[in-house]
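Visitor: Numbering (the UniProt record's numbering), first residue to last: 1 to 258. The beta-carbon is built from N, C-alpha and C at its ideal position, and this holds for glycine as well. Computed from a predicted model, the values in this text were never measured in an experiment.
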């Protein structure tokens, strides 16, 4: 595992599972539609195969917290930011178990690590939008909140041909009515919330992450996890084993709700 490569980057995370320090990005002053960081030395790769377009499920609420409770599927969703080697290791763990996950990428991470979009999609995983700079989106004025949503959507479209399957708001579990309306304006019929918070952004260690998830997960659950944390990488295999022992299977969010 990559425990030694990890940094304790998530101290002081919100109860919702998102790290408030992550919005303090030096690129936050860039305009939502502007280029990536200058001088970063990252050439834009050729577009990858198209990601799934936004998922639309008639009859489901605009804000989705979980899928059907009468099935045997759950969705593991990952807030996308952090060391690309660690992210790749986590995706590899999922793939070795025949599992596909949903990654909600932060736009400035895609600016810095554009090849990760290809890696996620080539692994058969689902890719979505977790805002441009990971700011407290529910506290922003409407214009700034929309720039956070549309800015990440622009990055995804440039890299993958679509704006991604889902939008998840940053630094909150649930979107306000305003943010929900802005997400719809940007092209996302649903806002993706979750019913299980792994609290892995607090870096409590693999055993604690495993215990938190398996103590709370059930049929239809949407689990919130994070890339960029060694404890999460180490916890994933025993989480998947625990799901299998309960007769549950991990799928993409779109597969869960359709």
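In terms of alpha-carbon separation, which member of 74, 114 and 84 lies closest to residue 227?
Guide: When each option's Cα is compared against that of residue 227, the closest is 84.
Visitor: So is residue 258 buried or exposed if we call it buried at 16+ other beta carbons inside 10 Å?
Guide: When all chains shown are included, residue 258 counts as exposed.
Visitor: Would you mind reading off the limits of the beta strand (DSSP E) that contains residue 126?
Guide: Run containing residue 126: 126-129, per the beta strand (DSSP E) assignment.
Visitor: Please report the straight-line C-alpha distance between residue 108 and residue 72, rounded to a whole angstrom.
Guide: Distance between the alpha carbons of residue 108 and residue 72 is about 35 Å.
Visitor: Here's a check: name, in chain order, each residue in its chain whose Cβ is nearer than 6 Å to the Cβ of residue 214, leaving out the five neighbours to either side.
Guide: 242.
Visitor: Could you compute how far the alpha carbon of residue 67 sits from the alpha carbon of residue 87?
Guide: Going from the Cα of residue 67 to the Cα of residue 87 covers about 25 Å.
Visitor: When you compare each of 128, 251 and 118 to residue 52 by their alpha carbons, which one comes out closest?
Guide: With distances taken between Cα atoms, residue 52 lies closest to 128.
Visitor: Can you tell me which of the three DSSP states residue 102 falls into?
Guide: In the structure shown, residue 102 sits in a strand (DSSP, three-state: E or B).
Visitor: Indicate whether residue 199 and residue 212 have their beta-carbon atoms separated by less than 8 Å.
Guide: The answer is yes: Cβ separation under 8 Å.
Visitor: Quickly, what does DSSP pair residue 80 with across the bridge? List them, please.
Guide: In the DSSP output, where bridge partners are listed per residue, residue 80 has 105.
Visitor: Taking the straight line between their C-alpha atoms, what separation do you get for residue 253 and residue 192?
Guide: Computed Cα separation, rounded: 9 Å.
Visitor: Between the C-alpha atoms of residue 207 and residue 139, what's the straight-line distance to the nearest angstrom?
Guide: If I take the Cα positions, the gap works out to 34 Å.
Visitor: May I have the straight-line CA-CA distance separating residue 149 from residue 183, to the nearest angstrom?
Guide: Taking the straight line from one Cα to the other gives about 7 Å.
Visitor: In the DSSP assignment, find the unbroken alpha helix (DSSP H) run with residue 214 in it and report its ends.
Guide: 206-216 is the span of the alpha helix (DSSP H), which, as asked, contains residue 214.
Visitor: In the DSSP output, which residue or residues are listed as bridge partners for residue 249?
Guide: Partner(s): 73.
Visitor: For residue 168, count neighbouring C-beta atoms within 10 Å of its own C-beta (all shown protein chains included) and say buried if the count is 16 or more, exposed if not.
Guide: So residue 168 ends up on the buried side.
Visitor: Would you kindly report the start and end of the unbroken alpha helix (DSSP H) that includes residue 182?
Guide: 177-186 is the extent of the alpha helix (DSSP H) around residue 182.
Visitor: Taking only the alpha-carbon atoms, compute the straight-line gap between residue 111 and residue 154 and give it to the nearest angstrom.
Guide: Computed Cα separation, rounded: 11 Å.
Visitor: Do residue 130 and residue 97 have their C-beta atoms closer together than 8 Å?
Guide: For residue 130 and residue 97, no; Cβs fall outside 8 Å.
Visitor: What would DSSP say about residue 239, mapped onto helix, strand or coil?
Guide: Here residue 239 sits in helix by DSSP.
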